[in-house]
Amino acid sequence: MNSLLEVKDLTIQYDTKTAVQGISFDVRPGEIFGLLGPNGAGKTSTLSAIEGLITPKQGSVHVVGFDINKDQVEARANMGLQLQVTSFQQDLQVQEIVTLYASLYGVTLSEDEVRQKLADIALLDEAHATAGKLSGGQLQRLSLLIATVHNPALVLLDEPTTGLDPQSRRKLWERVEAMRESGRSVLLTTHSMEEASAICDRVAIMDHGKIIIIDNPHKLVETYKDDPRVKVHIRHGQATLEDVFIGLTGEHIRI
Amino acid sequence: MEQSQQQSIVRTIPSYREVLKALFRADLRTQYRQRRAVMMSLLVPIIFVISWRSLIPAIGGAGVLSICIAIGLPAIGLMSYSQTIARDRERGVFQRLRAAPIPTSVIMISRILVQLVVALFMTLATYIVASFADGIHLPLLNIILMCVAAIIGGLSFLGLGQFVVGTIKSSEGVNAAARLIYFPLGVVGALGQIGLFGKIVQVIVTYSPLGTSKTLLAAAMNTSTIGMATLWALLITIGYGVVFAGIGIKRFTWAVS
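Protein sequences, first through last, are from chains A and B. First residue of the first sequence? That's -11 in this note's numbering, and the numbers climb one at a time after it. First residue of the second sequence? That's 197 in this note's numbering, and the numbers climb one at a time after it.
Below you can see the structure in the form of structure tokens.
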């Protein structure tokens, strides 16, 4: 079975600093894939290279078979993305933002269709509010709607639940799982091990620009629960993905 | 997967024209809602055109009107264009737009077109005020030529705005630099044109971006004055635009960390 996203031997360098060192992974159809790692591990750089926003020093990224550096427009047309910093034009109204981004992806939406989409994410009352007036949770929901407005095969989510309350987070998980049910693939980065355990089919743990391991989160816990590096970090009797993560990446705080 | 890939391959990729139309509409709306910047570029020339009525016998109606419109042009490039670009870059608006399946050039072309609309609006508004307040009336052909001259002058100041936003990364820095450049350029340019600061400053101002734009505007309003000086003004105006925009584009980064 072909992958919707193929990252091969990706190396990203900023001046003298190597942010990502020869990583490879793939995201399969209907899969939620989590990219985990401490601050500065190289997650956002990897995502930026997948989005085609930075040119890697080495390696390749293929989205639905399209090379992001050679067939950029086609590759981007087949993916939707939610950036870490939700960044819409502050003076545009919510409904105008939806219409604009739909147009940029070649989708024409009637006024009723826009309203229906906003109702689906509980933002209908804010249809005429400007983006600058939305709360963090509302912006995240809007961002997720924009990411899927063109029904892409692959959706990239950069720390999608950061700053959300538990209710909003649960709702977002449901939406991400609904994407999987509809056959889309999702690549997400997160600092929440609870989130990775709850919704990811596979996770890659990154540190210092390299992938340490890729596996199903529950299998990872099973495999490493007796590892001495992990055992010392178990806090509540039973090993969790967070214990495995800290065991494999170390407990010192990254800047 | 094959079916999914097939669906993806036939996905509609919008044409350049469609994307430009969508972005232009959105940018125009944004500009309309940020009326303060437009008011700034409108207010200064209108104040000058009303208060300089007494200069008409000395330098003529075209002379006064051309200086007043020329003063409004730097405000568009420096106070409006460069600052909106710097602010949106800092907020990550461009990163989000660049991730869409669109050529990056269309993002900037849309922004430039909006500013040219503002330049045209400012030019026509200043002319209308001048016609009521100062009794300055131009034939239709000269009004059209005046608009063309305002666009050429406006482009050179947009080039200057691009230079500022290309060489300075923070929006606060761009804001400060734009004001620092605008006031000497605008005030010294306007007053220097009428000889208030002496002959040397008048010559320098004549060949500054504001001075060459003024020369073009004056020639457009009174075509009988078109000559070598107008041609030089046109070439120098284009030169300013190309050099400033060239450096600004080369050094421009879409995102600041």
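C-beta: ideal position from N, C-alpha, C; glycine also. Please read all numbers here as calculations on a predicted model, not as lab measurements.
With its beta carbon at least 7 angstroms from every one in chain A, A282 (chain B) lies outside the interface. The beta carbons of V325 (chain B) and V245 (chain B) sit closer together than 7 angstroms.
Put simply, the segment 186 to 199 of chain A touches the segment 3 to 13 of chain A. At least three CB pairs are less than 8 angstroms apart. Taking a beta-carbon distance threshold of 7 angstroms, D79 (chain A) counts as an interface residue toward chain B. Taking 7 angstroms as the cut-off, the Cβ atoms of A184 (chain A) and L24 (chain A) count as close. Put simply, of B:I445, B:G362, B:P241 and B:A222 the residue whose alpha carbon is nearest the alpha carbon of Y323 (chain B) is B:P241. Taking CB atoms only, R292 (chain B) has a neighbour in chain A less than 7 angstroms away. With contacts defined as CB atoms closer than 7 angstroms, G350 (chain B) and I255 (chain B) fail to qualify as a contacting pair. Residues I0, S33 and S36 of the same chain have their beta carbon placed closer than 8 angstroms to that of I42 (chain A), with the five preceding and five following residues left out of the count.
In this structure, H221 (chain A) lies near I234 (chain A), with their beta-carbon atoms less than 7 angstroms apart.
Cβ proximity to chain A below 7 angstroms picks out P210, E214, V215, A218 and A222 from the segment 210 to 222 of chain B. When secondary structure is reduced to three states using DSSP, I252 (chain B) falls in the helix class. Between the alpha carbons of I348 (chain B) and L354 (chain B) lies a gap of roughly 10 angstroms. Note that the segment 397 to 408 of chain B touches the segment 265 to 284 of chain B; at least 3 beta-carbon pairs, one per stretch, sit closer than 8 angstroms. Note that the C-beta distance between G125 (chain A) and S173 (chain A) is not below 7 angstroms. For F393 (chain B), the three-state secondary structure derived from DSSP is coil. B:R249 is the residue among B:Q230, B:F440, B:R225 and B:R249 whose C-alpha sits nearest the C-alpha of D330 (chain B).
Counted as a single uninterrupted DSSP element, the stretch harbouring M67 (chain A) is not any alpha helix (DSSP H) but the beta strand (DSSP E) occupying residues M67 to Q70.
It is roughly 6 angstroms from the alpha-carbon of M181 (chain A) to the alpha-carbon of E230 (chain A). The beta carbons of K31 (chain A) and T177 (chain A) sit closer together than 7 angstroms. Taking S(-9) (chain A) as reference, the option from A:G53, A:V137 and A:D203 with the minimal CA-CA separation is A:G53. Within chain A, the residues whose beta carbon sits less than 9 angstroms from that of V289 (chain B) are S75, F76, Q77 and Q78, listed in sequence order. With respect to chain B, the C-beta atom of L88 (chain A) has a partner C-beta closer than 7 angstroms. Taking every protein chain shown into account, the CB of L336 (chain B) has fewer than 16 other CB atoms within 10 angstroms, so this residue is exposed.
For I340 (chain B), no CB of chain A lies under 7 angstroms from its own CB, so it is not counted at the interface with that chain.
D214 (chain A) and E147 (chain A) have their alpha carbons spaced roughly 29 angstroms apart. Counting only the Cα atoms, S131 (chain A) lies some 26 angstroms from F448 (chain B).
Per DSSP, S36 (chain A) is one residue of the alpha helix (DSSP H) stretching across K31 to E39. Note on geometry: alpha-carbon atoms of A166 (chain A) and S123 (chain A) lie some 24 angstroms from one another. Shown here, A227 (chain A) sits in coil according to DSSP, grouped into three states, outside any helix or strand.
With fewer than 16 other CB atoms across the displayed protein chains lying within 10 angstroms of its CB, P216 (chain A) is exposed.
Put simply, the segment 306 to 316 of chain B does not touch the segment 379 to 397 of chain B. Fewer than three CB pairs are less than 8 angstroms apart. The beta-bridge partner set that DSSP reports for K198 (chain A) consists of A:D195. Counting along the chain, F448 (chain B) sits inside no beta strand (DSSP E), nor does DSSP assign it H or E at all. Taking C-beta atoms as the reference points, A233 (chain B) and M275 (chain B) count as a pair closer than 7 angstroms.
Using a CB distance cut-off of 7 angstroms, E39 (chain A) counts as an interface residue toward chain B.
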